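Residue numbers (numbering that gives the first Met the number 0), protein chains in the order written: chain A, 0 to 302; chain B, 0 to 269.
All C-beta atoms, glycine included, are put in the ideal place defined by N, C-alpha and C.
Computed from a predicted structure; not experimentally measured.
The block underneath contains the structure these notes are about, expressed in structure tokens.
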Amino acid sequence: MKNRLIMIWYGELTTRKSLLRRGLVFLSPGMLWLMVFLVLPGLVLVAVSFATRGAYGQLEWEYTIENYRRLMGFSLFGWTSDYLLILWRSVLVAFITTLVSVILSYPLCFFIATRKERSRYLWLTLVIIPFWTNMVIRAYAWFLILAPEMPFARLAASLGFIAEGSPLYPNAFAVYIGMVSMFLPFVTLPLYASVEKLDWSLVEAAQDLYASRIRVFSQAILPQTLPELSVGVILTFVPAMGMFVVPDLLGGAKYMLVGNLIQQQFGASRDWPFGAAISMGLMVLTMITLQIYRRRSKETDHR
Amino acid sequence: MKRTHPIITSLALLTMGFLYLPLLGVAVFSVNSARRGLVWKEFTFDWYIRLFSNERILEAAWNTLLLAVISTILATILGTVLAIGMDRFPWSKRTRNFLDIVLHIPVVIPDIILAAALVVAFGLLRVVSSLFDPGLLNMIIGHITFQIAFVALVVRSRLVAIGRDVEEAARDLFAGNWYLLRRVILPLLMPGIVAGAMLAFTLSLDDFVISFFTAGPESQTLPLYIFAAVRRGVTPQIHALSTLIMIITVIIAISTERLTRKDLFGREKK
Numbered sequence: 000m001k002n003r004l005i006m007i008w009y010g011e012l013t014t015r016k017s018l019l020r021r022g023l024v025f026l027s028p029g030m031l032w033l034m035v036f037l038v039l040p041g042l043v044l045v046a047v048s049f050a051t052r053g054a055y056g057q058l059e060w061e062y063t064i065e066n067y068r069r070l071m072g073f074s075l076f077g078w079t080s081d082y083l084l085i086l087w088r089s090v091l092v093a094f095i096t097t098l099v100s101v102i103l104s105y106p107l108c109f110f111i112a113t114r115k116e117r118s119r120y121l122w123l124t125l126v127i128i129p130f131w132t133n134m135v136i137r138a139y140a141w142f143l144i145l146a147p148e149m150p151f152a153r154l155a156a157s158l159g160f161i162a163e164g165s166p167l168y169p170n171a172f173a174v175y176i177g178m179v180s181m182f183l184p185f186v187t188l189p190l191y192a193s194v195e196k197l198d199w200s201l202v203e204a205a206q207d208l209y210a211s212r213i214r215v216f217s218q219a220i221l222p223q224t225l226p227e228l229s230v231g232v233i234l235t236f237v238p239a240m241g242m243f244v245v246p247d248l249l250g251g252a253k254y255m256l257v258g259n260l261i262q263q264q265f266g267a268s269r270d271w272p273f274g275a276a277i278s279m280g281l282m283v284l285t286m287i288t289l290q291i292y293r294r295r296s297k298e299t300d301h302r
Numbered sequence: 000m001k002r003t004h005p006i007i008t009s010l011a012l013l014t015m016g017f018l019y020l021p022l023l024g025v026a027v028f029s030v031n032s033a034r035r036g037l038v039w040k041e042f043t044f045d046w047y048i049r050l051f052s053n054e055r056i057l058e059a060a061w062n063t064l065l066l067a068v069i070s071t072i073l074a075t076i077l078g079t080v081l082a083i084g085m086d087r088f089p090w091s092k093r094t095r096n097f098l099d100i101v102l103h104i105p106v107v108i109p110d111i112i113l114a115a116a117l118v119v120a121f122g123l124l125r126v127v128s129s130l131f132d133p134g135l136l137n138m139i140i141g142h143i144t145f146q147i148a149f150v151a152l153v154v155r156s157r158l159v160a161i162g163r164d165v166e167e168a169a170r171d172l173f174a175g176n177w178y179l180l181r182r183v184i185l186p187l188l189m190p191g192i193v194a195g196a197m198l199a200f201t202l203s204l205d206d207f208v209i210s211f212f213t214a215g216p217e218s219q220t221l222p223l224y225i226f227a228a229v230r231r232g233v234t235p236q237i238h239a240l241s242t243l244i245m246i247i248t249v250i251i252a253i254s255t256e257r258l259t260r261k262d263l264f265g266r267e268k269k
């Protein structure tokens, strides 16, 4: 009966039913698109992760949980930790990338926030430019800097870390360098918004009361910047886990992440069901991260 | 004026150096005449001139632009209409939550999962029609799918910000649905729509993963071209191409900022 009641909706005399009918006209094109090209493919991906790969890489609709067993490391030849190691490594790389980005972002934000109004704007733009620059180009730029002819590789070679005349990639170090430079602005930009409006009187009060530098940070600065910091953390951690370009160019086969593993299944190996299962694994990791984030942000809201 | 400790200042400057060193390196070597190796020889614009006679690069540039323009136009229309539909009608809380979740999926999940889902979906659709062979059409569909979400979110926040007072006043003055939309809502919404479109456009130019998974042999884009070229070894031409793209990106980023009259965090500028 509710639907037939005449109501006033922001100055319009109408019924709920006719409003919703009109709303549906607005909603349907975009939602239909997202249903067909986002939700449906997502469901198909789930279904395919339970299917079988045929001998020539084709899909066969035979239900199996073999793909997930394989991801967990079970195979014909007993248990291996290979795939689990790659998943674990992706989480680790994402974690360290986020941590380093946060550690580097605080000084950068404080530095920018204490500049004069005009130059502050210039510095911010300087942070934004790499943020907008294409990821492939930025990863490639590291390729150049870490090349054998450049000072860094020469230094490493003379210290005996790498062979003379070889580049500083592909290895874990290069992946971390690439990842941090890729994601640093993702933390810096949200964090800056809160550092700029920081209540300095709290910091000064803490200093007046002889708080150590660490306590000034952890009790006067950190709590004030926590909401924006956690936005930056989530913006970094989730995409970093699924990162594909950086480990592919700078890590090679030596330091594979889950993104590369997925790409391999859809590319060279042509094993869609297994690729789908790995994607589900990454999806679960993403969901766990988002859940932790939601819990924490609820907690801070209640305080 | 607050001051920063010298350690903080030097850390900040080092971090900036860390961000810019690779980019500057590429720019410097793009004007170096040495064909091989990374030794400075002499200044030249030769590599830039050669870009414009490299047919594969020109084709990739054309594809990149075509992809970005078409997908941005469609995604902006779909996303704007969707945002109005979500914000301006009395949906139940449950419907609202559902729409909200769907809209946030492309924003929060790693893009490689969307790419994998699209590969599988297109692979199955290919059985029905050859339209879904890897290529530009698939790339456009893929780009629109993540762009819609970003456009809708930006436009919706603008819808919330402008409120409904003006609309209500227009209604009281007997504005019809169509008149209201065309003469009241859309003009007020324009800054949000432009901001959303610019965001969608840069996201499309920036995208690598979705394109990489859905591209066919005839639909190389610039990021794909560079990615493939790097694996064959770095050349001064790629330095030049990358530098050029960087400069264009900077111009787009700055003009977006000017156009929307806001800084890039969405706050109104003084």
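Measuring alpha carbon to alpha carbon, tell me which residue in the options is nearest residue i.
| i | options | result |
| --- | --- | --- |
| residue 261 of chain A | A/86, A/32, A/15 | A/86 |
| residue 42 of chain B | B/94, B/29, B/23, B/82 | B/29 |
| residue 15 of chain A | B/22, B/17, B/89 | B/89 |
| residue 48 of chain B | B/248, B/253, B/239, B/130 | B/239 |
| residue 135 of chain B | B/65, B/57, B/195 | B/65 |
| residue 59 of chain A | A/279, A/296, A/269 | A/269 |
| residue 163 of chain B | B/87, B/73, B/22 | B/87 |
| residue 45 of chain B | B/235, B/253, B/242 | B/235 |
| residue 66 of chain A | A/81, A/78, A/157, A/47 | A/47 |
Just to confirm, are residue i and residue j a CB contact at a threshold of 9 Å?
| i | j | result |
| --- | --- | --- |
| residue 80 of chain B | residue 212 of chain B | no |
| residue 250 of chain A | residue 173 of chain A | yes |
| residue 76 of chain B | residue 105 of chain B | no |
| residue 183 of chain B | residue 159 of chain B | no |
| residue 197 of chain A | residue 223 of chain A | yes |
| residue 136 of chain A | residue 15 of chain B | no |
| residue 192 of chain A | residue 227 of chain A | yes |
| residue 171 of chain B | residue 258 of chain A | no |
| residue 110 of chain A | residue 11 of chain B | yes |
| residue 142 of chain B | residue 210 of chain B | yes |
| residue 126 of chain A | residue 198 of chain B | no |
| residue 98 of chain B | residue 255 of chain A | no |
| residue 93 of chain A | residue 236 of chain A | yes |
| residue 220 of chain A | residue 289 of chain A | no |
| residue 106 of chain A | residue 7 of chain B | yes |
| residue 50 of chain A | residue 272 of chain A | yes |
| residue 130 of chain A | residue 188 of chain A | yes |
| residue 237 of chain B | residue 247 of chain B | no |
| residue 239 of chain A | residue 13 of chain A | no |
Going by other Cβ atoms of all chains shown within 10 Å of its Cβ, with 16 needed for buried, is residue i buried or exposed?
| i | result |
| --- | --- |
| residue 113 of chain B | buried |
| residue 54 of chain A | exposed |
| residue 160 of chain A | exposed |
| residue 199 of chain A | exposed |
| residue 186 of chain B | exposed |
| residue 286 of chain A | exposed |
| residue 274 of chain A | buried |
| residue 267 of chain A | exposed |
| residue 268 of chain B | Any reading at residue 268 of chain B must be qualified, since the residue scores a pLDDT of 48, below 50, and its modelled position is unreliable; no value is offered. |
| residue 76 of chain A | exposed |
| residue 168 of chain A | buried |
| residue 63 of chain B | buried |
Under 8 Å between beta-carbons, which chain B residues line up against residue i? List them in chain order, please.
| i | result |
| --- | --- |
| residue 59 of chain A | Result: empty, since nearest Cβ-Cβ is about 13 Å, beyond 8 Å. |
| residue 150 of chain A | Within chain B, no residue comes near residue 150 of chain A; the closest Cβ sits about 10 Å away, beyond 8 Å. |
| residue 117 of chain A | Here the premise fails: no neighbours, minimum Cβ distance about 12 Å. |
| residue 18 of chain A | 88, 89 |
Below 9 Å on C-beta distance, what does residue i contact in chain A?
| i | result |
| --- | --- |
| residue 167 of chain B | 9, 10, 11 |
| residue 270 of chain B | This structure cannot speak to residue 270 of chain B, because chain B is shown only from 0 to 269. |
Anything in chain A within Cβ reach of residue i, meaning under 7 Å, just list it in chain order.
| i | result |
| --- | --- |
| residue 140 of chain B | 36 |
| residue 229 of chain B | 139, 142, 248 |
| residue 77 of chain B | 28, 29, 32 |
By the criterion of Cβ-Cβ separation under 9 Å, what are the contact partners of residue i in chain B?
| i | result |
| --- | --- |
| residue 265 of chain A | 114, 115, 118, 119, 212 |
Who are the neighbours of residue i on chain B, taking C-beta pairs under 7 Å?
| i | result |
| --- | --- |
| residue 110 of chain A | 3, 7, 8, 11 |
Name the chain A residues that come within less than 8 Å of residue i, Cβ to Cβ?
| i | result |
| --- | --- |
| residue 220 of chain B | Within 8 Å Cβ-Cβ: nothing; residue 220 of chain B doesn't reach chain A, min ~10 Å. |
Give a yes or no on whether 9 Å exceeds the smallest Cβ distance from residue i to chain E.
| i | result |
| --- | --- |
| residue 31 of chain B | The structure shown has no chain E; the protein chains it does contain are A and B. |
Within 9 Å of chain A by C-beta, residues of the segment 109 to 120 of chain B in sequence order: 109, 110, 111, 112, 113, 114, 115, 116, 117, 118, 119, 120
Under 8 Å (Cβ pairs) to chain A, residues found in the segment 83 to 106 of chain B: 83, 84, 85, 87, 88, 89, 90, 98, 101, 102, 104, 105
Of the residues that make up the segment 144 to 156 of chain B, which ones have a beta carbon closer than 8 Å to any beta carbon in chain A? 144, 147, 148, 151
When Cβ atoms are compared, which residues of the segment 212 to 245 of chain A fall closer than 7 Å to chain B? 237, 238, 240, 241, 243, 244
Residues of the segment 205 to 216 of chain B whose Cβ lies closer than 7 Å to any Cβ of chain A, in chain order: 205, 207, 208, 212
Selection of the segment 155 to 186 of chain A by Cβ proximity to chain B, strictly under 7 Å: 180, 183
Give the residues from the segment 269 to 300 of chain A that approach chain B closer than 8 Å (Cβ to any Cβ), ordered along the chain. 271, 274, 275, 278, 281, 282, 285, 289
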